[in-house]
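Below is one structure, written out as structure tokens; comments come after it.
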Amino acid sequence: MTSAADTPEPTSMATPVTRRGLAKAARRRELLAAAARLMAERGFAGVRLEDIGAAVGVSGPAMYRHFSGKDAVLAEMLVGISQRLYAGGQGVLERSFGDADALDGLIAFHVRFATTEPELIRVQDRDMSSLTPEARREVRRLQRKYVELWTDVLLRLRDPMPRQEAQTRVQAVFGLINSSPRLPDLETSRQSKLLTLMAHSALLS
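Here it is in structure tokens:
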């Protein structure tokens, strides 16, 4: 995976074109990162909009210049990461030299996400049900598209594997990689190598 900094921003955020716009976008990213940390620690129900603002020096009333409420923070966070994963996966495929290289790139892409942004995984695992129905549908839609990116590559490598089996392998690998925040403490590079090896084995065995 390319690093989180290299992945596209959520498409719901307009590209800033002025100094003020750049500053506002940077502050919004700070707020989302603070929200991920706090919600990973306390859960969605245990965090107030004011808590998120206080973590980066934004007053409670000023938070409403960035987000309409706590629900909007969670929606942008979880829809945003689904957008980033799907767009990042597409980028891996565009840069790849064949399907074997694409699979290597997809695994590396997702392992890097899981090992560098564990708060987002914790929030999604625990607080997906707190999303509005509309946001939850969008997350699920993007997740299905991301699964299909992987599935198509795997089927080209392992034809004639049934599509349902390929989808099962891909989703099982996501479960494996996304378990990294709950695994015993291990040096990040070593953990990444182990997850990569196990992902390859699960997909291609």
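Just add 27 to the spot in the sequence shown (first one is 1) and you have this note's numbering. Glycine included, every Cβ here is placed at the ideal spot set by N, Cα and C. Since the model is a prediction, treat every value here as computed from it, not as a measurement.
Roughly how many angstroms separate the alpha carbons of residue i and residue j, rounded to a whole number?
i, j, result
"P145", "T45", "32 Å"
"R64", "L120", "31 Å"
"T34", "P88", "For T34, the predicted structure reports a pLDDT of 42, less than 50, and the residue's modelled location is therefore unreliable. A value from the coordinates is still provided. Their Cα atoms are separated by approximately 31 Å."
"M90", "E192", "46 Å"
"R122", "L210", "31 Å"
"F124", "R47", "41 Å"
"M229", "R75", "Reading off the sequence, residue 229 comes out as Ala, not Met. Whole-angstrom Cα-Cα distance: 40 Å."
"A102", "R217", "33 Å"
"T38", "E77", "Note that T38 has pLDDT 43, beneath the 50 cutoff, so the model's placement of it is unreliable and no number is given."
"D152", "T159", "15 Å"
"W177", "R55", "31 Å"
"A82", "R167", "30 Å"
Our contact map puts residue i next to residue j with C-beta atoms below 8 Å; I'd like the distance itself, whole angstroms only.
i, j, result
"V106", "E165", "5 Å"
"H227", "I134", "7 Å"
"V150", "A61", "About 12 Å separates the two Cβ atoms, so there is no contact after all."
"L184", "D126", "5 Å"
"G96", "D154", "With a Cβ gap of about 15 Å, G96 and D154 do not count as contacting."
"L222", "L203", "7 Å"
"A129", "V180", "5 Å"
"S207", "A141", "5 Å"
Can you tell me where the alpha helix (DSSP H) holding residue i begins and where it ends?
i, result
"M66", "R46 to R69"
"T195", "R190 to N205"
"S216", "T215 to L231"
Where in the segment 82–138 do unbroken runs of the alpha helix (DSSP H), each at least 4 residues long, occur, reported from the N-terminal end onward? 87–90 and 97–122
In chain order, each alpha helix (DSSP H) run of at least 4 residues that lies wholly inside the segment 141–172: 145–154
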